[in-house]
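Throughout the sequence shown, residue numbering follows my numbering, covering 107 to 307 in sequence. Here the structure is laid out as structure tokens; the discussion comes afterwards.
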Amino acid sequence: MHVQKIKRSYRKTKYILYKETLVDFKEHSWAFLGSFIGIGIIAYLQSKALPKSDVIYLIGSFGASSVLVYGVIQSPLAQPRNLIGGHLVSAIIGVTIAKFVPDILWLSAPLAVSLSIVLMQMTKTLHPPGGATALIAIIGSSKIKELGYWYVLYPVLTGSLILLVIALIVNNMTSKRQYPNHKKYHQYRKRVARVFKIKKL
């Protein structure tokens with residue numbers, strides 16, 4: 107039964123990936139726009155904050171998240187719960203391992219990634235870039251390591267929320283794209299839109 111469930115999920119993911127990577131200029135345009143704005147905002151915050159402090163906003167795993175939340179928006183791995191939860195779980199694991207096993211790289215690096223995968227699975231927040239978020243806490247610059255658990259709040263939570271907000275806007279600007287793939291969210295969004303239309307009248 108469990109094997110059949112895995113096979114079904116694999117076939118579904120394979121279909122979604124195939125469908126969303128077909129040559130479609132409009133789809134590519136929306137993916138470009140979303141990722142450009144999302145990463146652009148985070149990079150802008152980085153460029154403004156870094157000269158004055160050690161605040162870090164831009165980490166490599168956000169690039170991988172952008173591929174999912176702007177390019178493969180129907181994937182189960184790209185949904186808001188996975189985006190936010192996956193990064194947060196992985197960041198907490200990464201920082202914790204960095205504190206308890208700081209100087210044994212051959213142990214801390216695989217431990218952080220492996221534990222992140224397991225905890226993301228357990229919490230149903232599997233998000234592949236989360237593995238990179240955990241790893242960055244181990245192998246990142248001294249500035250990242252000095253942040254300690256602040257790393258979980260910024261850059262991880264801050265950046266994830268920025269990517270999510272832009273995804274919710276850009277991925278719903280056309281009727282052909284809907285994000286997240288949760289029906290209740292879109293029903294609620296339509297209700298809110300109707301209320302605003304009535305007020306304008």
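Every residue, glycine too, gets a C-beta built ideally from N, C-alpha and C.
Rounded C-alpha distance that separates residue i from residue j
| i | j | result |
| --- | --- | --- |
| residue 294 | residue 194 | 26 Å |
| residue 210 | residue 131 | 47 Å |
| residue 278 | residue 227 | 28 Å |
| residue 262 | residue 133 | 27 Å |
| residue 190 | residue 253 | 19 Å |
| residue 266 | residue 272 | 10 Å |
| residue 276 | residue 291 | 15 Å |
| residue 188 | residue 270 | 11 Å |
| residue 148 | residue 280 | 24 Å |
| residue 283 | residue 174 | 14 Å |
| residue 180 | residue 286 | 7 Å |
Residue interval of the alpha helix (DSSP H) (run including residue i)
| i | result |
| --- | --- |
| residue 230 | It is not in any alpha helix (DSSP H) - residue 230 carries neither H nor E in the DSSP assignment. |
| residue 187 | 186–206 |
| residue 250 | 248–253 |
| residue 169 | 167–172 |
| residue 266 | 264–276 |
Same chain only: Cβ atoms within 6 Å of residue i, ignoring 5 sequence neighbours per side
| i | result |
| --- | --- |
| residue 207 | 213, 214 |
| residue 165 | 242, 261 |
Distance cut-off 7 Å: residue i Cβ against heavy atoms of the ligand MN
| i | result |
| --- | --- |
| residue 258 | Annotation note on the ligand MN: not contained in the displayed structure, which lists no ligands. |
Nearest-angstrom beta carbon gap, residue j and residue i [assumed within contact, 8 Å]
| i | j | result |
| --- | --- | --- |
| residue 163 | residue 140 | About 18 Å separates the two Cβ atoms, so there is no contact after all. |
| residue 192 | residue 231 | 5 Å |
| residue 257 | residue 268 | 16 Å between Cβ atoms; not a contact. |
Contacting residues, own chain, Cβ-Cβ under 8 Å from residue i (five flanking each side not counted)
| i | result |
| --- | --- |
| residue 244 | 200, 203, 204, 211, 214, 215, 218 |
| residue 221 | 199, 203, 240 |
Cut-off 7 Å between Cβ atoms - residues of its own chain near residue i, not counting five sequence neighbours on either side
| i | result |
| --- | --- |
| residue 229 | 191, 195 |
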